[in-house]
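In the UniProt record's numbering, the protein residues as written are 1 to 91.
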């Protein structure tokens with residue numbers, strides 16, 4: 001097979017293109033892989049789509065309701081340490 005730079009593909013009447021199987025294998029792009037199409041100064045760039053939508057802390061902050069008195073930093077540190085000890089003891 002020619003190198004990726006020398007491959008010529010054709011756009012179908014539906015606007016579809018078929019990527020050569022060697023490229024799909026190298027990239028591990030199986031059937032159903034979602035790709036982002038980015039137009040650049042040099043042409044078109046295909047990248048795998050992220051698995052999850054990008055979020056900011058403000059988008060998800062407070063998404064899990066908590067009823068009760070807020071925990072102090074010290075209480076949170078104690079909880080994290082207790083869980084780490086519990087998980088380590090289970091080995």
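Just so it is clear, CB atoms sit at the ideal spot from N, CA and C, and this is done for glycine as well. Keep in mind the model is a prediction, meaning the values are calculated, not measured.
Whether residue i touches residue j by CB criterion (8 Å)
i: residue 20; j: residue 33; result: no
Span separating the alpha-carbon of residue i from that of residue j
i: residue 42; j: residue 6; result: 15 Å
i: residue 29; j: residue 52; result: 17 Å
i: residue 2; j: residue 8; result: With a pLDDT of only 45 at residue 2, under 50, the local geometry of the prediction cannot be trusted, and no value is derived from it.
i: residue 70; j: residue 62; result: 12 Å
i: residue 68; j: residue 76; result: 14 Å
i: residue 88; j: residue 74; result: 21 Å
Residues that DSSP places opposite residue i in a beta bridge
i: residue 97; result: In the structure as shown, the chain starts at 1 and stops at 91, and residue 97 therefore has no counterpart that could be examined.
Cutoff 6 Å; reference residue i; Cβ partners in own chain excluding five residues on either side
i: residue 55; result: none
i: residue 45; result: 38
Same chain, Cβ closer than 7 Å to residue i, five either side skipped, listed in chain order
i: residue 18; result: 9
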